[in-house]
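In the working numbering, the protein residues as written are 101 to 401. Beta carbons: idealized from backbone N, C-alpha and C, even for Gly. Here's the structure, in C-alpha coordinates; my notes come after.
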(Lines of atoms letter the chains of each structure in order from A and count residues from 1; the text may use other names and numbers.)
(Lines give C-alpha, C1' and ligand atoms only; values in the text may rest on other atoms or scores of the structure.)
Protein backbone atom coordinates (compact mmCIF):
# COMPACT_ATOMS: atom_id res chain seq x y z
CA UNK A 1 0.00 0.00 0.00
CA UNK A 2 2.78 2.39 0.86
CA UNK A 3 4.49 1.61 -2.44
CA UNK A 4 1.25 2.33 -4.32
CA UNK A 5 0.84 5.72 -2.59
CA UNK A 6 4.43 6.64 -3.41
CA UNK A 7 3.95 5.81 -7.10
CA UNK A 8 0.75 7.87 -7.22
CA UNK A 9 2.47 10.87 -5.63
CA UNK A 10 5.32 10.67 -8.13
CA UNK A 11 2.96 10.43 -11.12
CA UNK A 12 0.79 13.41 -10.00
CA UNK A 13 3.24 16.15 -11.04
CA UNK A 14 3.66 14.53 -14.49
CA UNK A 15 -0.09 14.44 -14.93
CA UNK A 16 -0.34 18.04 -13.82
CA UNK A 17 2.40 19.03 -16.26
CA UNK A 18 0.68 17.13 -19.10
CA UNK A 19 -2.67 18.78 -18.35
CA UNK A 20 -0.95 22.19 -18.24
CA UNK A 21 0.79 21.51 -21.51
CA UNK A 22 -2.43 20.34 -23.12
CA UNK A 23 -4.40 23.32 -21.88
CA UNK A 24 -1.74 25.82 -22.95
CA UNK A 25 -1.30 24.34 -26.43
CA UNK A 26 -4.22 26.24 -27.94
CA UNK A 27 -2.87 29.56 -26.64
CA UNK A 28 0.48 28.84 -28.25
CA UNK A 29 -1.13 27.95 -31.56
CA UNK A 30 -3.16 31.21 -31.43
CA UNK A 31 -0.06 33.28 -30.67
CA UNK A 32 1.83 32.05 -33.73
CA UNK A 33 -0.36 33.79 -36.37
CA UNK A 34 -0.08 37.08 -34.47
CA UNK A 35 3.71 37.04 -34.63
CA UNK A 36 3.52 36.31 -38.34
CA UNK A 37 1.16 39.25 -38.77
CA UNK A 38 3.53 41.58 -36.94
CA UNK A 39 6.43 40.45 -39.13
CA UNK A 40 4.38 41.00 -42.28
CA UNK A 41 3.36 44.49 -41.21
CA UNK A 42 6.97 45.35 -40.51
CA UNK A 43 7.96 44.06 -43.95
CA UNK A 44 5.26 46.20 -45.57
CA UNK A 45 6.54 49.27 -43.75
CA UNK A 46 10.04 48.53 -44.94
CA UNK A 47 8.81 48.20 -48.53
CA UNK A 48 6.93 51.50 -48.31
CA UNK A 49 9.93 53.32 -46.93
CA UNK A 50 12.34 51.72 -49.38
CA UNK A 51 13.40 53.91 -52.31
CA UNK A 52 12.67 52.84 -55.83
CA UNK A 53 15.53 52.70 -58.36
CA UNK A 54 14.22 55.90 -59.97
CA UNK A 55 14.20 57.72 -56.63
CA UNK A 56 17.73 56.50 -55.88
CA UNK A 57 18.94 57.68 -59.30
CA UNK A 58 17.19 61.04 -58.88
CA UNK A 59 18.66 61.44 -55.39
CA UNK A 60 22.11 60.59 -56.71
CA UNK A 61 21.79 63.20 -59.46
CA UNK A 62 20.53 65.84 -57.05
CA UNK A 63 24.01 66.90 -56.04
CA UNK A 64 26.36 69.73 -56.99
CA UNK A 65 28.36 69.31 -60.23
CA UNK A 66 31.44 67.16 -59.97
CA UNK A 67 34.95 68.51 -60.26
CA UNK A 68 35.28 67.32 -63.86
CA UNK A 69 32.02 68.98 -64.87
CA UNK A 70 33.06 72.22 -63.20
CA UNK A 71 36.43 72.16 -64.98
CA UNK A 72 34.74 71.43 -68.33
CA UNK A 73 32.28 74.30 -67.88
CA UNK A 74 35.10 76.63 -66.89
CA UNK A 75 37.12 75.58 -69.96
CA UNK A 76 34.23 76.29 -72.31
CA UNK A 77 33.62 79.65 -70.64
CA UNK A 78 37.27 80.66 -70.96
CA UNK A 79 37.34 79.61 -74.63
CA UNK A 80 34.31 81.76 -75.41
CA UNK A 81 35.76 84.63 -73.38
CA UNK A 82 39.06 84.55 -75.27
CA UNK A 83 37.23 84.53 -78.58
CA UNK A 84 35.11 87.51 -77.53
CA UNK A 85 38.20 89.35 -76.30
CA UNK A 86 39.95 88.76 -79.63
CA UNK A 87 36.98 90.23 -81.51
CA UNK A 88 36.99 93.34 -79.32
CA UNK A 89 40.74 93.82 -79.73
CA UNK A 90 40.44 93.72 -83.53
CA UNK A 91 37.66 96.32 -83.63
CA UNK A 92 38.43 99.98 -84.45
CA UNK A 93 39.44 102.18 -81.54
CA UNK A 94 36.67 103.55 -79.33
CA UNK A 95 36.12 104.98 -75.87
CA UNK A 96 36.13 101.71 -73.93
CA UNK A 97 35.25 103.46 -70.68
CA UNK A 98 31.70 103.90 -71.97
CA UNK A 99 31.45 100.45 -73.56
CA UNK A 100 29.90 98.26 -70.86
CA UNK A 101 26.96 95.92 -70.49
CA UNK A 102 23.90 98.01 -69.63
CA UNK A 103 22.13 97.16 -66.37
CA UNK A 104 19.59 99.96 -66.30
CA UNK A 105 17.69 102.03 -68.84
CA UNK A 106 19.90 105.01 -67.99
CA UNK A 107 23.00 102.99 -68.92
CA UNK A 108 21.29 101.90 -72.11
CA UNK A 109 20.46 105.46 -73.16
CA UNK A 110 24.07 106.57 -72.67
CA UNK A 111 25.35 103.56 -74.58
CA UNK A 112 22.92 104.15 -77.41
CA UNK A 113 23.99 107.78 -77.81
CA UNK A 114 27.66 106.74 -77.87
CA UNK A 115 27.27 103.79 -80.24
CA UNK A 116 25.01 105.45 -82.80
CA UNK A 117 27.88 107.15 -84.66
CA UNK A 118 30.15 104.13 -84.16
CA UNK A 119 27.59 101.82 -85.80
CA UNK A 120 27.27 104.20 -88.77
CA UNK A 121 31.04 104.37 -89.36
CA UNK A 122 31.85 100.68 -88.76
CA UNK A 123 28.61 98.74 -89.39
CA UNK A 124 30.19 95.32 -90.07
CA UNK A 125 32.56 95.44 -87.09
CA UNK A 126 29.83 96.72 -84.83
CA UNK A 127 27.36 93.99 -85.83
CA UNK A 128 30.09 91.36 -85.29
CA UNK A 129 30.79 92.68 -81.79
CA UNK A 130 27.09 93.02 -81.00
CA UNK A 131 26.25 89.47 -82.14
CA UNK A 132 29.24 87.98 -80.31
CA UNK A 133 28.27 89.71 -77.07
CA UNK A 134 24.61 88.71 -77.35
CA UNK A 135 25.41 85.05 -78.08
CA UNK A 136 27.97 84.96 -75.26
CA UNK A 137 25.42 86.31 -72.78
CA UNK A 138 22.72 83.91 -73.97
CA UNK A 139 25.03 80.89 -73.87
CA UNK A 140 26.23 81.45 -70.32
CA UNK A 141 22.96 82.79 -68.92
CA UNK A 142 24.27 86.28 -68.20
CA UNK A 143 21.38 88.65 -67.42
CA UNK A 144 20.85 91.68 -69.63
CA UNK A 145 19.90 90.35 -73.08
CA UNK A 146 16.66 92.34 -72.92
CA UNK A 147 18.75 95.54 -72.94
CA UNK A 148 20.62 94.22 -75.98
CA UNK A 149 17.27 93.69 -77.72
CA UNK A 150 16.17 97.23 -76.90
CA UNK A 151 19.50 98.51 -78.23
CA UNK A 152 18.95 96.69 -81.52
CA UNK A 153 15.62 98.43 -82.00
CA UNK A 154 17.08 101.82 -81.09
CA UNK A 155 20.04 101.50 -83.50
CA UNK A 156 18.69 99.45 -86.42
CA UNK A 157 14.92 99.87 -86.45
CA UNK A 158 12.24 97.20 -86.30
CA UNK A 159 13.14 95.15 -89.41
CA UNK A 160 16.88 94.68 -89.02
CA UNK A 161 16.67 94.85 -85.24
CA UNK A 162 14.13 92.00 -85.11
CA UNK A 163 16.27 89.86 -87.42
CA UNK A 164 19.38 90.43 -85.30
CA UNK A 165 17.60 89.68 -82.02
CA UNK A 166 15.96 86.46 -83.25
CA UNK A 167 19.19 85.30 -84.89
CA UNK A 168 21.33 85.95 -81.80
CA UNK A 169 18.78 84.58 -79.36
CA UNK A 170 18.43 81.38 -81.40
CA UNK A 171 22.20 80.96 -81.77
CA UNK A 172 22.76 81.56 -78.06
CA UNK A 173 19.93 79.23 -77.04
CA UNK A 174 21.29 76.50 -79.34
CA UNK A 175 24.76 76.91 -77.88
CA UNK A 176 23.27 76.70 -74.37
CA UNK A 177 21.35 73.56 -75.43
CA UNK A 178 24.52 71.70 -76.44
CA UNK A 179 26.43 72.98 -73.41
CA UNK A 180 23.68 71.65 -71.15
CA UNK A 181 23.66 68.36 -73.03
CA UNK A 182 27.35 68.00 -72.21
CA UNK A 183 27.50 69.06 -68.56
CA UNK A 184 24.11 70.54 -67.62
CA UNK A 185 22.17 67.65 -66.06
CA UNK A 186 23.57 67.88 -62.49
CA UNK A 187 23.25 71.68 -62.57
CA UNK A 188 19.58 71.65 -63.57
CA UNK A 189 18.70 68.84 -61.15
CA UNK A 190 20.51 70.69 -58.40
CA UNK A 191 18.94 74.11 -59.05
CA UNK A 192 15.39 73.25 -60.20
CA UNK A 193 14.50 69.69 -59.13
CA UNK A 194 10.72 70.16 -58.85
CA UNK A 195 10.46 72.33 -61.95
CA UNK A 196 12.40 69.73 -63.93
CA UNK A 197 10.02 66.97 -62.84
CA UNK A 198 7.03 69.10 -63.88
CA UNK A 199 8.62 69.90 -67.24
CA UNK A 200 9.42 66.24 -67.89
CA UNK A 201 5.83 65.21 -67.11
CA UNK A 202 4.43 67.89 -69.44
CA UNK A 203 6.77 66.86 -72.25
CA UNK A 204 5.58 63.25 -71.88
CA UNK A 205 1.94 64.41 -72.10
CA UNK A 206 2.53 66.47 -75.26
CA UNK A 207 4.95 64.12 -76.99
CA UNK A 208 2.62 63.68 -80.02
CA UNK A 209 2.48 67.44 -80.66
CA UNK A 210 5.77 68.46 -79.14
CA UNK A 211 6.48 71.31 -81.55
CA UNK A 212 3.17 73.00 -80.74
CA UNK A 213 3.82 72.70 -77.02
CA UNK A 214 7.35 74.09 -77.34
CA UNK A 215 6.01 77.00 -79.40
CA UNK A 216 3.50 77.69 -76.64
CA UNK A 217 6.31 77.78 -74.06
CA UNK A 218 8.44 80.10 -76.20
CA UNK A 219 5.64 82.54 -76.94
CA UNK A 220 4.21 82.72 -73.41
CA UNK A 221 6.14 83.39 -70.19
CA UNK A 222 4.95 80.09 -68.69
CA UNK A 223 8.52 78.90 -68.09
CA UNK A 224 11.66 81.06 -68.25
CA UNK A 225 13.61 80.77 -71.50
CA UNK A 226 16.75 80.15 -69.45
CA UNK A 227 15.23 77.04 -67.89
CA UNK A 228 13.90 75.83 -71.27
CA UNK A 229 17.36 76.15 -72.85
CA UNK A 230 19.02 74.14 -70.09
CA UNK A 231 16.32 71.52 -69.47
CA UNK A 232 15.37 70.66 -73.08
CA UNK A 233 18.26 68.24 -73.77
CA UNK A 234 17.78 66.64 -70.35
CA UNK A 235 14.14 65.72 -71.06
CA UNK A 236 15.07 64.41 -74.54
CA UNK A 237 13.63 67.16 -76.73
CA UNK A 238 15.13 66.74 -80.23
CA UNK A 239 17.28 69.64 -81.35
CA UNK A 240 15.34 70.30 -84.55
CA UNK A 241 12.13 70.82 -82.54
CA UNK A 242 14.01 72.99 -80.06
CA UNK A 243 15.49 75.03 -82.93
CA UNK A 244 12.21 75.54 -84.80
CA UNK A 245 10.32 76.44 -81.65
CA UNK A 246 13.00 78.97 -80.73
CA UNK A 247 13.17 80.63 -84.15
CA UNK A 248 9.39 80.97 -84.49
CA UNK A 249 8.38 81.31 -80.87
CA UNK A 250 10.71 84.19 -80.01
CA UNK A 251 9.38 86.44 -82.77
CA UNK A 252 6.34 87.94 -80.93
CA UNK A 253 8.19 88.86 -77.71
CA UNK A 254 11.25 90.06 -79.67
CA UNK A 255 9.04 92.28 -81.84
CA UNK A 256 7.57 93.92 -78.75
CA UNK A 257 11.03 94.55 -77.27
CA UNK A 258 12.61 95.82 -80.48
CA UNK A 259 9.69 98.16 -81.18
CA UNK A 260 9.97 99.54 -77.64
CA UNK A 261 13.61 100.35 -78.41
CA UNK A 262 12.46 102.95 -80.95
CA UNK A 263 10.92 104.95 -78.10
CA UNK A 264 13.72 104.31 -75.63
CA UNK A 265 13.47 107.81 -74.20
CA UNK A 266 9.83 107.32 -73.23
CA UNK A 267 10.39 103.94 -71.55
CA UNK A 268 10.36 104.28 -67.76
CA UNK A 269 10.91 100.67 -66.70
CA UNK A 270 11.57 97.29 -68.27
CA UNK A 271 8.40 96.04 -66.60
CA UNK A 272 6.41 98.39 -68.84
CA UNK A 273 7.28 96.16 -71.80
CA UNK A 274 5.00 93.37 -70.61
CA UNK A 275 1.84 94.88 -69.18
CA UNK A 276 -1.41 92.94 -68.84
CA UNK A 277 -2.48 93.74 -72.39
CA UNK A 278 0.80 92.48 -73.86
CA UNK A 279 0.73 89.33 -71.75
CA UNK A 280 -2.86 88.71 -72.83
CA UNK A 281 -1.85 88.91 -76.50
CA UNK A 282 1.07 86.53 -75.99
CA UNK A 283 -1.11 83.99 -74.19
CA UNK A 284 -3.71 84.27 -76.94
CA UNK A 285 -1.09 83.48 -79.57
CA UNK A 286 0.22 80.62 -77.44
CA UNK A 287 -3.28 79.19 -77.01
CA UNK A 288 -3.78 79.18 -80.77
CA UNK A 289 -0.49 77.31 -81.18
CA UNK A 290 -1.46 74.81 -78.47
CA UNK A 291 -4.99 74.24 -79.85
CA UNK A 292 -4.04 71.32 -82.18
CA UNK A 293 -2.61 69.45 -79.17
CA UNK A 294 -5.76 69.94 -77.12
CA UNK A 295 -7.95 68.97 -80.07
CA UNK A 296 -6.05 65.72 -80.66
CA UNK A 297 -6.15 64.85 -76.97
CA UNK A 298 -9.93 65.39 -76.89
CA UNK A 299 -10.40 63.21 -79.97
CA UNK A 300 -8.32 60.39 -78.47
CA UNK A 301 -10.36 60.52 -75.26
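Distance from the CA atom of residue 359 to the CA atom of residue 330, rounded to whole angstroms, is 28 Å.
Separation of residue 379 and residue 320 (C-alpha to C-alpha, rounded to the nearest whole angstrom) is 8 Å.
The criterion of a C-beta distance shorter than 7 Å is not satisfied by residue 234 and residue 192. Your pair residue 289 and residue 350 does not check out as a contact, with CB atoms roughly 26 Å apart and the cut at 8 Å.
Residue state for residue 295 is assigned as helix, using DSSP reduced to three classes.
The way I'd put it, the region 306–318 does touch the region 334–349; three or more beta-carbon pairs between them come closer than 8 Å. Where residue 167 is concerned, the enclosing alpha helix (DSSP H) starts and stops at 167–189. In its chain, beyond the 5 residues on either side, 354, 355 and 358 have a beta carbon closer than 7 Å to the beta carbon of residue 262. No Cβ-Cβ contact shorter than 7 Å links residue 299 with residue 236. A check of alpha carbon separations from residue 296 across 270, 247, 336 and 279 identifies 336 as the nearest.
A straight line joining the alpha-carbon of residue 302 with that of residue 318 spans about 15 Å.
DSSP, reduced to helix, strand and coil, places residue 307 outside both helices and strands of the structure shown, so it counts as coil. Residues 184 and 187 of the same chain have their beta carbon placed closer than 7 Å to that of residue 232, with the five preceding and five following residues left out of the count. Of all alpha-carbon atoms in 226, 225, 269 and 259, the one lying nearest the alpha-carbon of residue 245 is that of 269.
In this structure, the beta-carbon distance from residue 341 to residue 173 does not fall below 7 Å.
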